[in-house]
Amino acid sequence: MKIERRIIMKENRITKILGIKYPIIQGPMAWLTDAKLVAAVSNAGGLGILGPSAGQTTMTPSPQETMERMREEIRKTRELTDKPFGVVIIVDVDMKFTNPLLDMIIEEKVPVALVNGVAGMDFESTFKRLKNAGIKIVFRGEPTVENARTIEKLGADVFVATGFDEGGMLPGGQIGTFSIVPLIVDSVKNIPVMAAGGISDIRGVRAAFALGAEGVFLGTRFLATEEARTAQNVKELMLKTNAEDLHIFRTLPHFYRSIPTKLSAELVEMDKNGATREELFLKQGGGKNMKLGMLDGDENGYISVGLGVSFIKEIKSVKEVVNELMADFID
Ligand SMILES: Cc1cc2nc3c(=O)[nH]c(=O)nc-3n(C[C@H](O)[C@H](O)[C@H](O)COP(=O)(O)O)c2cc1C
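The sequence shown begins at 337 in the working numbering and counts up one residue at a time.
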């Protein structure tokens with residue numbers, strides 16, 4: 337695709353708040369991020385985020401061990417970049433995993449926290465601790481008007497409005513990116529909104545800005561880059577996949593999509609036959625089967641991608657992807 341520069345922007349609230357060159361974030365993706373990918377995004381001028389099980393091939397039930405593994409990945413990231421990057425913080429019910437991770441990222445002086453969680457969690461104390469430590473808060477949870485207003489009041493620096501077009505766990509509201517972004521932009525008072533879901537080329541970036549977003553938040557596009565640890569056969573499969581090909585099925589809490597695999601075909605069949613969400617969730621097998629499908633490239637797992645997979649035609653370096661998507665921004 338030939339890219340002509342249109343909107344020329346130098347900096348905006350997102351680049352200023354996060355201390356980055358371009359208003360683009362690589363979102364956390366369970367198993368699929370590591371120091372190499374995150375540093376590549378940050379070195380390219382965006383913000384990389386270490387997601388759950390970053391750099392790992394096994395899971396541990398221990399909160400302490402989970403935290404120490406993340407500390408190691410943070411240190412590896414620092415060896416590869418001196419630019420800002422982020423770490424995901426999932427706020428859980430009993431804070432068993434959240435608290436050790438919070439203590440550690442404060443100790444390690446990580447510049448940005450991408451806070452995740454469902455309504456009703458203790459965001460207030462988490463935000464207070466992060467703010468006191470000078471860590472910027474980007475929040476991405478269920479994209480509702482009420483959540484956006486509450487999270488802004490609690491002191492988040494940025495709210496991510498995620499549309500149903502996204503990869504990963506789909507939002508319950510089932511509202512597409514085109515509709516959710518302006519709704520959230522109109523709901524907050526003073527903080528900038530980033531758009532997530534289905535953005536894989538510059539047309540998506542321009543649309544997001546036209547809708548009032550001040551930055552873009554991507555997952556799927558970064559999975560098919562040279563630096564990503566996605567299995568090679570999955571990267572290649574992504575190039576041949578169109579949004580129309582994807583399987584979608586109910587699960588907990590809402591829905592999931594997959595590039596067709598043996599497992600996703602079985603899930604679609606179970607869904608059609610009226611299985612409960614609990615049964616589907618059990619069969620889906622959570623992160624374990626995402627790792628199997630996407631890191632190991634095994635079709636007994638599933639392959640989560642967003643609808644923007646249609647526009648990914650080449651495996652490129654992270655730098656090439658960022659430069660293409662951010663062609664309207666001048667250094
Ligand atoms: C394979 C995959 C795994 C993901 N895992 C997580 C996760 O563990 N935590 C999270 O907050 N978001 C997760 N996401 C969502 C991304 O951070 C991001 O919001 C989303 O990918 C944006 O939509 P896009 O894929 O259409 O660009 C995941 C997305 C994908 C594709």
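Every residue gets a Cβ at the ideal spot worked out from N, C-alpha and C, and that includes glycine. No experiment lies behind these values; they were computed from the predicted model shown.
Would you kindly report the start and end of the unbroken beta strand (DSSP E) that includes residue i?
{"i": "S594", "result": "591-594"}
Taking only the alpha-carbon atoms, compute the straight-line gap between residue i and residue j and give it to the nearest angstrom.
{"i": "L575", "j": "I360", "result": "22 Å"}
{"i": "M682", "j": "R593", "result": "Absent from the structure is residue 682, since the part of the chain shown begins at 337 and ends at 667."}
{"i": "I511", "j": "F553", "result": "17 Å"}
{"i": "G555", "j": "G384", "result": "10 Å"}
{"i": "P596", "j": "F585", "result": "11 Å"}
{"i": "A567", "j": "E409", "result": "20 Å"}
{"i": "D439", "j": "S523", "result": "32 Å"}
{"i": "M671", "j": "V494", "result": "Residue 671 cannot be examined here, being either before or after the span of the chain that is shown, 337 to 667."}
{"i": "R476", "j": "M406", "result": "20 Å"}
Just to confirm the assignment, what range does the alpha helix (DSSP H) spanning residue i have?
{"i": "R414", "result": "399-416"}
{"i": "Q568", "result": "568-576"}
{"i": "F463", "result": "459-468"}
{"i": "L616", "result": "613-620"}
{"i": "G540", "result": "538-546"}
{"i": "L386", "result": "Taken as a continuous stretch (DSSP letters only), L386 belongs to no alpha helix (DSSP H), being part of the beta strand (DSSP E) at 383-386."}
{"i": "F558", "result": "556-559"}
Under 8 Å by Cβ, that's how I've got residue i and residue j pegged, so tell me the actual separation to the nearest angstrom.
{"i": "L603", "j": "L588", "result": "That pair is no contact at about 12 Å."}
{"i": "A564", "j": "L368", "result": "7 Å"}
{"i": "F459", "j": "L490", "result": "6 Å"}
{"i": "K598", "j": "N636", "result": "6 Å"}
{"i": "V496", "j": "V521", "result": "Actually they are not in contact, since the Cβ atoms of V496 and V521 sit about 12 Å apart, beyond 8 Å."}
{"i": "P420", "j": "G499", "result": "Not a contact, Cβ separation roughly 26 Å."}
{"i": "I425", "j": "N452", "result": "7 Å"}
Is residue i near ligand 1, with its Cβ less than 7 Å from a heavy atom?
{"i": "P436", "result": "no"}
{"i": "G382", "result": "no"}
{"i": "I651", "result": "no"}
{"i": "G388", "result": "It should be pointed out that residue 388 corresponds to Pro in this sequence rather than to Gly. Yes, ligand 1 has a heavy atom inside 7 Å of this Cβ."}
{"i": "A366", "result": "yes"}
{"i": "I535", "result": "yes"}
{"i": "F553", "result": "yes"}
{"i": "G512", "result": "no"}
{"i": "E502", "result": "yes"}
{"i": "M345", "result": "no"}
{"i": "N706", "result": "An answer regarding residue 706 cannot be provided, because it is not within the stretch 337 to 667 covered by the chain."}
Can you name, in chain order, every residue of its own chain whose Cβ lies under 8 Å from the Cβ of residue i, other than the five neighbours on each side?
{"i": "Q400", "result": "P436"}
{"i": "N348", "result": "P359, P528, E550, G551"}
{"i": "T668", "result": "The question about residue 668 has no answer here: the residues shown for the chain are numbered 337 through 667."}
{"i": "N578", "result": "V645, S646"}
{"i": "L573", "result": "I595, I639"}
{"i": "M457", "result": "V427, D428, V429"}
Spatial neighbours of residue i within its chain, please: CB distance less than 6 Å, with the 5 preceding and 5 following residues excluded, ordered by chain position.
{"i": "G534", "result": "D501, T513, G642, L643, G644"}
{"i": "D537", "result": "F647"}
Which same chain residues, not among the five before or five after residue i, have their C-beta less than 7 Å away from its C-beta?
{"i": "A469", "result": "I442"}
{"i": "G508", "result": "E478, P589, H590"}
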